[in-house]
Amino acid sequence: LEIYLYDKELGIFHDLNSGSYDFYLEAGEHFNRFEVTFTNETLGNEEEELSSVDVHYNLDLESLVVINPTLKNIKSIEILNMLGQSIYSVSIDSLDTYAEYKVSNFSSGTYILKINTDSGTFSKKVFIEQI
Numbered sequence: 013l014e015i016y017l018y019d020k021e022l023g024i025f026h027d028l029n030s031g032s033y034d035f036y037l038e039a040g041e042h043f044n045r046f047e048v049t050f051t052n053e054t055l056g057n058e059e060e061e062l063s064s065v066d067v068h069y070n071l072d073l074e075s076l077v078v079i080n081p082t083l084k085n086i087k088s089i090e091i092l093n094m095l096g097q098s099i100y101s102v103s104i105d106s107l108d109t110y111a112e113y114k115v116s117n118f119s120s121g122t123y124i125l126k127i128n129t130d131s132g133t134f135s136k137k138v139f140i141e142q143i
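For the sequence shown, our numbering gives the first residue as 13, with consecutive numbering after it.
Structure (structure tokens):
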């Protein structure tokens with residue numbers, strides 16, 4: 013039996029059998045942010061989408077690089093900090109195979125990149141390192 017915690021704000025499933033889910037919340041009320049899901053199958057965070065779009069940080073360019081070899085129609089990209097706060101958002105509506113987004117003003121740390129395509133929205137964690 014697989015047990016997942018679904019973070020509705022970030023759009024992420026976390027397998028609770030594999031370990032704890034770490035996150036940060038500001039003080040206040042956070043109703044209906046999470047759901048617990050039980051299943052006999054393994055769930056994914058849009059695995060097909062994730063495998064077709066690669067995102068990584070390039071230290072030399074001080075940019076997030078998005079590689080889209082299967083030409084998914086990327087409508088928008090949003091970067092969230094680990095508190096779930098949106099710190100960068102751009103509407104692009106692009107079929108480009110390669111794109112760079114400057115993040116030289118970001119602090120070093122882990123961020124959530126939300127990519128909205130024609131077939132849905134998916135999220136990916138990315139680590140940005142500033143020297």
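Note that CB positions come from ideal geometry on N, CA and C, so glycine has one too.
Only a predicted model underlies this, so the values are computations on that prediction, with no experimental measurement involved.
Meets three-Cβ-pair contact criterion under 8 Å: the segment 103-112 and the segment 73-81: With a cut-off of 8 Å, the segment 73-81 and the segment 103-112 count as touching, because enough Cβ pairs lie within range.
Run through DSSP, which three-state label would residue 64 get? Note: residue 64 maps to helix in three-state DSSP.
Under 9 Å between C-beta atoms of residue 91 and residue 121: No.
Measure the alpha-carbon distance for residue 128 versus residue 20 and round it to whole angstroms. Those two C-alpha atoms are separated by around 15 Å.
In whole angstroms, give me the CA-to-CA distance for residue 133 and residue 126. Here the alpha carbons of residue 126 and residue 133 stand approximately 7 Å from one another.
Is DSSP giving residue 28 helix, strand or coil here? Here residue 28 sits in helix by DSSP.
Rounded to a whole number of angstroms, what is the C-alpha to C-alpha distance between residue 143 and residue 101? If you draw a straight line from the Cα of residue 143 to the Cα of residue 101, it is about 24 Å long.
Below 8 Å on the Cβ atoms is my guess for residue 75 versus residue 114; work out the distance and round it to an integer in Å. Here residue 75 really is in contact with residue 114; their C-beta atoms are around 5 Å apart, less than 8 Å.
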